[in-house]
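Following full-length UniProt numbering, the numbering of the sequence shown begins with 4 at its first residue and continues without gaps. C-beta atoms are modelled at their ideal positions from N, C-alpha and C, and glycine is treated no differently. Below is one structure, written out as structure tokens; comments come after it.
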Amino acid sequence: DTTLRDAADAADFRLGAAVAADPLRTDAGYWTSLRRGFNTVTAENAMKMGPMRPEPGVYDFTDADAVANFAEAHDMALRGHTLVWHNQLPDWFQEWDYTDDQLAAFLRDHVHTVAGRYRGTVEAWDVVNEAVADDGTMRDSVWYDALGERYLDDAFRWANDVAPDADLFYNDYGADAVNEKSDAIYELLEGMLDRGVPVDGVGLQMHALDGVPDPESVAENVRRFSDLGLDVHVTEMDVAYPEADAPENHRERQAEDYRDVLDVCLAEGVDTLVVWGVRDSDSWIPEWFPHVTEDPLLFDASNDPKPAYHALKERLEDT
Ligand code: G3I
């Protein structure tokens, strides 16, 4: 019996899932589904700054290594997520009275240490995550407040110092189609490229809470970033619908939505699509968005593959 992973391998396509370290260690159903569906993994939380930096000056790589080791053992590619983000910062940050220079030195050490540790293992890093606000202005954050826009340039340069072979991505949500936010990200990345900053790609997260955006507009968006010379990955896909007017048989509709995005990827040269979790029961969506359908992923809670799994498999077998 061929699996979705087999189909992705045969199509030379990177189909990934976000994974958590705990169920990897303890839940055979979890890792069986993971191996059945995917040839790529992203750590859902384990490579973020908060989880990795329990105390000042201390790095804890336990969970991140567990994810990296699983990927290696099962011949899966690894997407690194994420070196610089405004969210999931260490708790102790709140009591740290830093100067701007100290913060910059801290960030440089973090990027050098983490990207350096996974050099040769992480194929693509989300170097900076979600630096742009929904209205297209720069997002207020610890980094932006202290360092200004240059923190992005610095972060990509520092990552490139220690992981020159990794593809270095800017990653964001709500910028999947052509819109105000993706316009702003386009200008941001164009400026960085003009300044010679080593940015290689843009990640479109594709958290779809009301079905996926218009595929034509997603394709147009992908094309303009490609024309800048950037790779595009779909990095965190899930598909839900508002409970109040969810389509009937929404799992069939969901399968079409997943297939539509894969179609855009295959047509526009996007070679990586990562889904944000393995089973519906692992998804972040029900906790954060209680008013949408609670089954956004490819496997159900019993580890049975859903229509979306089969739709992606058929489409990949068709390449
Ligand atoms: O494991 C900890 C535990 O030690 C802690 O004491 C407890 C109390 O907070 O919670 C547990 O941490 C939670 C963590 O997930 C692991 O389950 C955090 O509270 C919770 O906030 C965290 O949520 C994650 C979220 O990012 C944080 O913003 C989600 O799992 C993760 O799916 C989500 O992922 C983000 C991407 O990184 C960036 N794009 C958006 C995406 C969805 O929000």
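Beta-bridge partners of residue i, as assigned by DSSP
i      : result
Pro245 : Val295
Pro308 : Phe302
Leu92  : Answer by DSSP bridge pairing: none, since Leu92 is not bridged.
Ala20  : Val44, Val278
Gly53  : In the DSSP output, where bridge partners are listed per residue, Gly53 has none listed.
Asn174 : Asn132, Gly206
Val87  : Val131
Met141 : Val135
Ala10  : Note: Ala10 sits in no beta bridge, so no partner.
Arg82  : Thr45, Ala127
Buried/exposed call for residue i, threshold 16 Cβ in 10 Å
i         : result
Asp179    : buried
Trp279    : buried
Leu305    : Just to set this straight, residue 305 is Ser in the shown sequence, not Leu. Label assigned to Ser305: exposed.
residue 1 : Because the chain spans 4 through 322 in this model, residue 1 falls outside it and cannot be assessed.
Gln97     : exposed
Asp148    : exposed
Asn163    : buried
Pro299    : buried
Ala247    : exposed
Asn42     : buried
Thr238    : buried
His210    : buried
Pro47     : According to the sequence as given, residue 47 is Glu; it is not Pro. Buried: at least 16 other Cβ atoms inside 10 Å.
Asp321    : exposed
Tyr101    : exposed
Val61     : exposed
Asn224    : buried
Thr45     : buried
Asp283    : buried
Distance CB(residue i)-CB(residue j) smaller than 9 angstroms
i      : j      : result
Leu276 : His236 : yes
Asp157 : Leu110 : yes
Gly53  : Leu18  : no
Gly139 : Asp78  : no
Asp129 : Asn72  : no
Pro310 : Asp263 : no
Leu81  : Val125 : yes
Val22  : Val281 : yes
Val131 : Val87  : yes
Pro289 : Leu7   : no
His253 : Tyr244 : yes
Asp241 : Asp203 : no
Phe292 : Leu212 : yes
Phe159 : Pro201 : yes
Ala74  : Ala24  : no
Met55  : Val117 : yes
Leu301 : Gly40  : yes
Leu319 : Ala67  : no
Trp142 : His84  : According to the sequence as given, residue 142 is Arg; it is not Trp. The answer is no: Cβ separation not under 9 angstroms.
Residue i CB to nearest heavy atom of the ligand G3I below 8 angstroms
i      : result
Lys51  : yes
His210 : yes
Trp88  : yes
Thr85  : yes
Ala23  : yes
Glu193 : no
Trp34  : no
Trp291 : yes
Trp287 : yes
Tyr176 : yes
Gly19  : no
Gly280 : yes
Asn252 : no
Asp91  : Note on residue identity: the sequence assigns Gln, not Asp, to residue 91. Gln91: yes, Cβ under 8 angstroms from the ligand G3I.
Asn48  : yes
Asn132 : yes
Glu297 : no
Glu58  : no
Glu246 : no
Glu239 : yes
9 angstroms Cβ cutoff, residue i in contact with chain C
i      : result
Glu255 : Here there is only one protein chain, and chain C is not present.
beta-carbon residue i near the ligand ZN non-hydrogen atom, thresh 8 angstroms
i      : result
Ser229 : Judged by which ligands are present, the ligand ZN is missing from the structure shown, whose ligands are the ligand G3I.
At 4 residues or longer, and completely inside the region 188–223: list those alpha helix (DSSP H) runs for me, N to C. none
Let me know the beta strand (DSSP E) ranges lying completely inside the region 115–139, each 3 residues or longer, listed in chain order. 125–132
Please give the ranges of any alpha helix (DSSP H) in the region 231–279, keeping only runs that are unbroken, at least 4 residues long and fully inside the region. 253–271
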